[in-house]
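Protein chains: 2
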Amino acid sequence: MTLESGGFFSYDLGSCKKLFNLECDVKPVRLAILGLGTVGGGALKLLKENAAEIKRRTGREIEITHVGTRRPRPDLDLPESVKQSADLMDIVRQPDVDVVVEVMGGIHPAYEVIMEAMKHGKHIVTANKALLAEHGNELFKAAEDNAVQIAYEAAVAGGIPIIKVIREGLAANKIEWLAGIINGTGNFILSEMREKGRAFEDVLKEAQELGYAEADPTFDVEGIDAAHKLTILASCAFGIPLQFDKVFTEGIGKVTAQDVKYAEDLGFRIKHLGIARRTDAGIELRVHPTLIPDDQLIANVNGVKNAVLVQANAVGPTLYYGAGAGAGPTASAVVADVVDIVRDIIYTEDGAGTIPQLAFEALSDLPILSREQMTTGYYIRINAEDQMGVLADVTTILSRAGISIDAIMQQPRLSKDLIPIVILTDPIVESKMDAALSQIQALPVIHGEIVRIRLESLDN
Amino acid sequence: MTLESGGFFSYDLGSCKKLFNLECDVKPVRLAILGLGTVGGGALKLLKENAAEIKRRTGREIEITHVGTRRPRPDLDLPESVKQSADLMDIVRQPDVDVVVEVMGGIHPAYEVIMEAMKHGKHIVTANKALLAEHGNELFKAAEDNAVQIAYEAAVAGGIPIIKVIREGLAANKIEWLAGIINGTGNFILSEMREKGRAFEDVLKEAQELGYAEADPTFDVEGIDAAHKLTILASCAFGIPLQFDKVFTEGIGKVTAQDVKYAEDLGFRIKHLGIARRTDAGIELRVHPTLIPDDQLIANVNGVKNAVLVQANAVGPTLYYGAGAGAGPTASAVVADVVDIVRDIIYTEDGAGTIPQLAFEALSDLPILSREQMTTGYYIRINAEDQMGVLADVTTILSRAGISIDAIMQQPRLSKDLIPIVILTDPIVESKMDAALSQIQALPVIHGEIVRIRLESLDN
Numbered sequence: 001m002t003l004e005s006g007g008f009f010s011y012d013l014g015s016c017k018k019l020f021n022l023e024c025d026v027k028p029v030r031l032a033i034l035g036l037g038t039v040g041g042g043a044l045k046l047l048k049e050n051a052a053e054i055k056r057r058t059g060r061e062i063e064i065t066h067v068g069t070r071r072p073r074p075d076l077d078l079p080e081s082v083k084q085s086a087d088l089m090d091i092v093r094q095p096d097v098d099v100v101v102e103v104m105g106g107i108h109p110a111y112e113v114i115m116e117a118m119k120h121g122k123h124i125v126t127a128n129k130a131l132l133a134e135h136g137n138e139l140f141k142a143a144e145d146n147a148v149q150i151a152y153e154a155a156v157a158g159g160i161p162i163i164k165v166i167r168e169g170l171a172a173n174k175i176e177w178l179a180g181i182i183n184g185t186g187n188f189i190l191s192e193m194r195e196k197g198r199a200f201e202d203v204l205k206e207a208q209e210l211g212y213a214e215a216d217p218t219f220d221v222e223g224i225d226a227a228h229k230l231t232i233l234a235s236c237a238f239g240i241p242l243q244f245d246k247v248f249t250e251g252i253g254k255v256t257a258q259d260v261k262y263a264e265d266l267g268f269r270i271k272h273l274g275i276a277r278r279t280d281a282g283i284e285l286r287v288h289p290t291l292i293p294d295d296q297l298i299a300n301v302n303g304v305k306n307a308v309l310v311q312a313n314a315v316g317p318t319l320y321y322g323a324g325a326g327a328g329p330t331a332s333a334v335v336a337d338v339v340d341i342v343r344d345i346i347y348t349e350d351g352a353g354t355i356p357q358l359a360f361e362a363l364s365d366l367p368i369l370s371r372e373q374m375t376t377g378y379y380i381r382i383n384a385e386d387q388m389g390v391l392a393d394v395t396t397i398l399s400r401a402g403i404s405i406d407a408i409m410q411q412p413r414l415s416k417d418l419i420p421i422v423i424l425t426d427p428i429v430e431s432k433m434d435a436a437l438s439q440i441q442a443l444p445v446i447h448g449e450i451v452r453i454r455l456e457s458l459d460n
Numbered sequence: 001m002t003l004e005s006g007g008f009f010s011y012d013l014g015s016c017k018k019l020f021n022l023e024c025d026v027k028p029v030r031l032a033i034l035g036l037g038t039v040g041g042g043a044l045k046l047l048k049e050n051a052a053e054i055k056r057r058t059g060r061e062i063e064i065t066h067v068g069t070r071r072p073r074p075d076l077d078l079p080e081s082v083k084q085s086a087d088l089m090d091i092v093r094q095p096d097v098d099v100v101v102e103v104m105g106g107i108h109p110a111y112e113v114i115m116e117a118m119k120h121g122k123h124i125v126t127a128n129k130a131l132l133a134e135h136g137n138e139l140f141k142a143a144e145d146n147a148v149q150i151a152y153e154a155a156v157a158g159g160i161p162i163i164k165v166i167r168e169g170l171a172a173n174k175i176e177w178l179a180g181i182i183n184g185t186g187n188f189i190l191s192e193m194r195e196k197g198r199a200f201e202d203v204l205k206e207a208q209e210l211g212y213a214e215a216d217p218t219f220d221v222e223g224i225d226a227a228h229k230l231t232i233l234a235s236c237a238f239g240i241p242l243q244f245d246k247v248f249t250e251g252i253g254k255v256t257a258q259d260v261k262y263a264e265d266l267g268f269r270i271k272h273l274g275i276a277r278r279t280d281a282g283i284e285l286r287v288h289p290t291l292i293p294d295d296q297l298i299a300n301v302n303g304v305k306n307a308v309l310v311q312a313n314a315v316g317p318t319l320y321y322g323a324g325a326g327a328g329p330t331a332s333a334v335v336a337d338v339v340d341i342v343r344d345i346i347y348t349e350d351g352a353g354t355i356p357q358l359a360f361e362a363l364s365d366l367p368i369l370s371r372e373q374m375t376t377g378y379y380i381r382i383n384a385e386d387q388m389g390v391l392a393d394v395t396t397i398l399s400r401a402g403i404s405i406d407a408i409m410q411q412p413r414l415s416k417d418l419i420p421i422v423i424l425t426d427p428i429v430e431s432k433m434d435a436a437l438s439q440i441q442a443l444p445v446i447h448g449e450i451v452r453i454r455l456e457s458l459d460n
């Protein structure tokens with residue numbers, strides 16, 4: 001509600017209905033959707049299919065006035081009133097747009113288009129994790145300067161409302177750590193390797209055929225996509241700037257069926273986790289294959305599904321599970337953001353919402369730890385000659401480095417003279433493990449490269 | 001921000017900071033906490049312990065000005081500035097209270113105190129599921145009339161932010177059904193029965209000793225507590241008035257270790273679920289022991305933990321897991337509601353928030369189905385004489401009633417002449433199952449009462 005000079009009420013912001021219990025002649029909230037791929041098409045379909053339910057939730061119509069696409073999509077059956085154009089810069093300057101939904105992906109021109117849209121007072125909804133993780137600090141600053149909001153629920157874990165949970169639902173807590181399966185492709189590959197004893201390359205090929213993995217699977221397999229999402233999650237959890245370049249990232253390409261099997265024998269599953277942890281020294285941000293106990297709920301999240309486990313000081317552990325990708329789930333998150341903005345437009349003065357962009361009014365400069373400073377448990381696999389004293393040599397090195405052994409498993413001989421030895425350790429700072437492993441690696445009885453996979457009990 | 005007659009800004013609502021980027025001299029938001037039991041004490045502790053983190057989230061101090069309690073609690077170490085009184089009606093009329101946190105429980109005098117508080121313009125945060133389920137419609141109406149909000153995240157599933165997820169996170173969806181483990185005591189009992197083969201009474205006694213179950217365990221064991229919570233969840237999911245009296249409720253007192261074992265042999269677990277489902281004919285609201293497939297994530301939620309599985313048309317299935325009770329988790333939800341209200345006080349005109357109380361601006365009059373109209377699968381256990389033709393008689397009756405059999409398991413003889421027969425059926429409307437079971441019960445070869453436990457695949 002705005003008070004105009006003559007003392008009349010202008011109903012543009014629509015809050016009159018709530019304040020005075022009047023039925024106002026309220027305008028629809030107008031969207032421009034940029035990008036008509038899987039997510040954009042999904043959002044259009046959802047807005048049409050659930051229009052009545054969404055209207056019943058908000059009391060306000062949502063109208064699509066523009067779509068930005070290089071290829072017209074006659075198959076989408078858009079109403080004639082929707083203007084289609086490939087000139088995205090022109091679309092975001094139009095006066096009949098309140099909210100710009102950016103679902104085209106990629107850094108450029110998404111960055112420039114969003115910046116331009118905000119200059120013109122448009123709120124932004126985006127699913128673009130790469131853009132936010134790498135340029136979010138500038139974008140959120142510009143949002144504040146322009147009194148608009150950037151909503152990004154769809155950028156992390158698809159349809160799971162994990163951003164809302166962390167920014168709002170757990171707002172009473174000090175969040176201690178979170179661990180997430182936040183890349184469906186990687187989880188599909190690891191699940192198949194475990195369930196069917198298949199090799200990495202074999203499952204990757206199938207994932208590509210099924211459309212779960214891109215032709216160039218680097219982003220998924222190397223953990224870059226997960227690192228983008230972890231960057232965003234960590235900022236919301238701890239109130240720190242986005243620092244993608246400081247995430248330690250290790251992919252799943254070196255995980256073998258053999259290690260998956262040994263882990264299982266020891267009561268663990270290997271999952272590709274994004275982990276953010278607050279320690280006294282600073283914040284750990286890391287993405288890597290991780291052994292976790294098989295009786296943990298998150299260890300039983302299989303296939304392309306995502307899940308995020310959050311440990312917070314008042315509520316303890318909570319877990320959020322669902323589809324992390326796909327047209328419907330991603331559109332669910334995109335349109336939930338639109339609904340939030342519609343409600344903010346109705347009930348707040350500038351529509352810029354009530355929640356700080358990165359969950360905190362004041363961001364913290366907590367340092368991000370280097371890999372060497374991080375602390376985790378370890379799964380170590382060594383191929384050693386079958387000689388007296390090997391185990392004594394290895395355990396002595398670990399013990400002198402202050403590394404406590406949790407379990408040792410000597411496996412049946414693989415080749416003529418080599419026996420695989422698997423060791424699980426308690427948590428230890430990585431620099432100490434580095435030093436111990438180079439000493440072990442240097443032993444003449446050790447053959448091949450030592451396998452190290454991190455291990456988390458997830459129980460504190 | 002309010003515009004005063006002389007053209008000056010009044011900073012009471014604090015939104016000036018956001019609009020004009022000014023540092024305003026903002027007042028703390030002032031709380032009265034009514035009830036200093038487990039939850040009230042937990043909320044006080046949390047507000048103290050996490051004060052810095054919460055301030056960093058909201059930019060605003062939260063100050064406790066009053067506590068309402070019959071017994072003073074010197075152990076809580078309250079600052080001298082906090083006024084303690086047993087006169088709750090007096091507290092909620094005080095001008096130095098913005099938000100009333102009702103955590104005393106019970107219907108009376110909670111109802112009267114909340115009504116009085118709202119008349120005096122106070123926002124309400126409550127953990128009182130019984131009160132909301134049974135009197136929520138009047139309370140929410142009064143909240144609207146007084147332009148205040150009633151926040152109730154803590155009323156369902158403790159620290160899991162399930163109300164926020166359903167009201168906001170899944171707002172783009174048409175919710176099809178939800179199924180929740182929403183009573184920790186019941187889940188603890190069923191988990192112990194399965195893991196250790198123990199009898200119901202035996203575990204109940206232990207739960208009482210551990211403090212999980214009350215001396216009078218009726219509310220937990222009979223499902224009344226779960227029915228209260230389901231009432232609230234269903235209203236948020238479907239946008240319907242609260243209709244506790246229409247929930248079909250069956251407790252866990254008749255579940256035997258024998259049935260838990262047979263279910264497990266067939267690949268199922270028995271959980272006490274609250275289920276709300278939208279069908280073409282209306283809404284099913286039911287609380288009962290339920291067989292669910294053991295590979296479902298929710299089947300692996302054990303002990304006192306809670307979880308809610310939500311099936312929605314865009315996102316598909318999502319699951320939310322965590323602690324459903326206890327001082328810390330419940331306080332987490334209570335204080336998250338306080339944080340929401342603080343943000344609403346800062347950024348909205350009347351502080352009444354942007355979200356409709358029951359998730360929808362317009363409630364629907366969808367009918368609630370009677371038990372006889374509900375549709376579920378079934379686990380049936382019959383004790384029959386070991387005679388030729390028994391199975392043929394039973395299956396003929398089921399087949400004539402249009403009931404499709406999914407599995408049959410004949411168990412080893414229990415007593416001299418009786419054999420237990422277990423049958424799993426596909427979903428069927430309950431009235432048909434009633435009719436078929438009375439025919440089977442009437443067969444002379446059937447001894448004792450037929451056991452029927454509902455079964456849900458949870459996969460659509």
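First to last, the sequence lines map onto chains U and F. Residue numbering for the first sequence follows the UniProt record's numbering, beginning at 1 and increasing consecutively. Residue numbering for the second sequence follows the UniProt record's numbering, beginning at 1 and increasing consecutively. Ideal Cβ positions, reconstructed from N, Cα and C, are used throughout, including at glycine.
Please check if any C-beta of chain F sits within less than 7 Å of the C-beta of residue i.
i, result
"Leu76(U)", "no"
"Glu112(U)", "no"
"Gly186(U)", "no"
"Asp294(U)", "no"
"Pro161(U)", "yes"
"Glu201(U)", "no"
"Lys129(U)", "no"
"Gly328(U)", "yes"
Quick check on the burial criterion: 16 or more other C-beta atoms within 10 angstroms. Buried or exposed for residue i?
i, result
"Ser15(F)", "Reliability fails at Ser15(F), whose pLDDT of 42 lies under 50, so the model's placement of it is uncertain and no value is given."
"Asn21(U)", "Reliability fails at Asn21(U), whose pLDDT of 41 lies under 50, so the model's placement of it is uncertain and the value that follows must be treated cautiously. With fewer than 16 other Cβ atoms within 10 Å, it is exposed."
"Ala299(U)", "buried"
"Ser415(U)", "exposed"
"Ser10(U)", "Residue placement at Ser10(U) is poorly supported in this model, since its pLDDT is 32, which falls under 50; the coordinates still yield a value, given next. Classification of Ser10(U): exposed, given that the 10 Å Cβ count is below 16."
"Met433(U)", "buried"
"Leu204(F)", "buried"
Counting contacts by CB-CB distance shorter than 7 Å, is residue i in contact with chain U?
i, result
"Cys24(F)", "The predicted position of Cys24(F) is uncertain, since its pLDDT is 49 and thus under 50; a value taken from the coordinates is nonetheless stated next. With 7 Å as the cut-off, Cys24(F) does not count as an interface residue toward chain U."
"Gly322(F)", "yes"
"Thr65(F)", "no"
"Ala172(F)", "yes"
"Thr354(F)", "yes"
"Ser332(F)", "yes"
"Val390(F)", "no"
"Ala157(F)", "no"
Assuming the contact rule is C-beta atoms closer than 8 Å, residue i and residue j should be a hit. Round their C-beta distance to whole Å, please.
i, j, result
"Glu53(U)", "Arg30(U)", "Wrong, their Cβ atoms sit about 20 Å apart, outside the cutoff."
"Asp337(U)", "Val125(U)", "4 Å"
"Gly159(F)", "Ser404(F)", "Not a contact, Cβ separation roughly 41 Å."
"Ala234(U)", "Leu285(U)", "6 Å"
Hey, is the region 196-215 of chain U in contact with the region 104-114 of chain U, meaning 3+ C-beta pairs nearer than 8 Å?
Flag = no, the region 196-215 of chain U and the region 104-114 of chain U do not touch.
Pair every Cβ in the region 184-196 of chain U with every Cβ in the region 305-317 of chain U, then say whether three or more of these pairs are closer than 8 Å.
Yes, the region 184-196 of chain U touches the region 305-317 of chain U.
Which full runs of the alpha helix (DSSP H) of 4+ residues lie inside the region 252-312 of chain U, going along the chain?
Scanning the region 252-312 of chain U from its first residue to its last, the whole alpha helix (DSSP H) runs of 4-plus residues come out as 257-265.
Does the contact criterion of 3 or more C-beta pairs under 8 Å hold for the region 432-449 of chain U versus the region 364-383 of chain U?
Three or more beta-carbon pairs separated by less than 8 Å link the region 432-449 of chain U to the region 364-383 of chain U, which places the two stretches in contact.
Quick one: complete alpha helix (DSSP H) runs, 4+ long, within the region 331-414 of chain F?
For the region 331-414 of chain F, whole alpha helix (DSSP H) runs of length 4 or above, ordered along the chain, are 390-400.
List in chain order: all unbroken alpha helix (DSSP H) runs of 4+ residues lying wholly within the region 108-194 of chain F.
Counting only runs of 4 or more, we get 110-119, 129-145.
Inter-stretch contact at 8 Å, needing at least 3 Cβ pairs: the region 260-273 of chain F / the region 134-148 of chain F
No: the two stretches stay apart, fewer than three of their Cβ pairs being nearer than 8 Å.
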